Amino acid sequence: MNTTPFEYLLNAMELAASKEQPAKHGYAEKRRAVLDYVATVARIAEAREEVIVAMRSRVGVDGALARVSRAEERLGRMMADHHARVSESR
């Protein structure tokens, strides 16, 4: 069964939290990664909502679409960086 990037990050955080010494297992970094992911997804949702509002009013569509693209690119970079760190630690 494939997991989503969010499930992967959450599982990694929960695993670190369950250890006797969570700090030694990178709990804080994993928690920050989960929070960063959630914040980025929230920004994408907000930007998409702006696109819908802009399309309804026909004003500011380009700016709203640019915000969606930037947020999605940031999420992609964040996940690529995370996967690179996970690969290095194996």
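All the letters of the sequence shown, read from the start, carry residue numbers 7 to 96 under this note's numbering. All C-beta atoms in this analysis are idealised placements derived from N, C-alpha and C, irrespective of residue type, glycine included. Please read all numbers here as calculations on a predicted model, not as lab measurements.
{"Item": "Report the rounded CA-to-CA distance for residue 75 versus residue 53, giving the unit in angstroms.", "Value": "9 Å"}
{"Item": "What does the alpha-carbon distance come out to for the pair residue 28 and residue 71?", "Value": "40 Å"}
{"Item": "Just to confirm, are residue 50 and residue 81 a CB contact at a threshold of 9 Å?", "Value": "yes"}
{"Item": "Output the distance between the C-alpha atoms of residue 56 and residue 25, rounded to the nearest integer angstrom.", "Value": "42 Å"}
{"Item": "By how many angstroms is the C-alpha of residue 46 removed from the C-alpha of residue 77?", "Value": "7 Å"}
{"Item": "Are residue 19 and residue 40 touching if we call contact CB-CB under 9 Å?", "Value": "yes"}
{"Item": "Ignoring anything shorter than 3 residues or poking outside the stretch 62-93, list the beta strand (DSSP E) runs there in chain order.", "Value": "none"}
{"Item": "Can you name the start and end residues of the alpha helix (DSSP H) that residue 28 belongs to?", "Value": "Segment: none, residue 28 is in no alpha helix (DSSP H) and carries neither H nor E."}
{"Item": "Using beta-carbon positions only, say whether residue 48 and residue 36 come within less than 9 Å of one another.", "Value": "no"}
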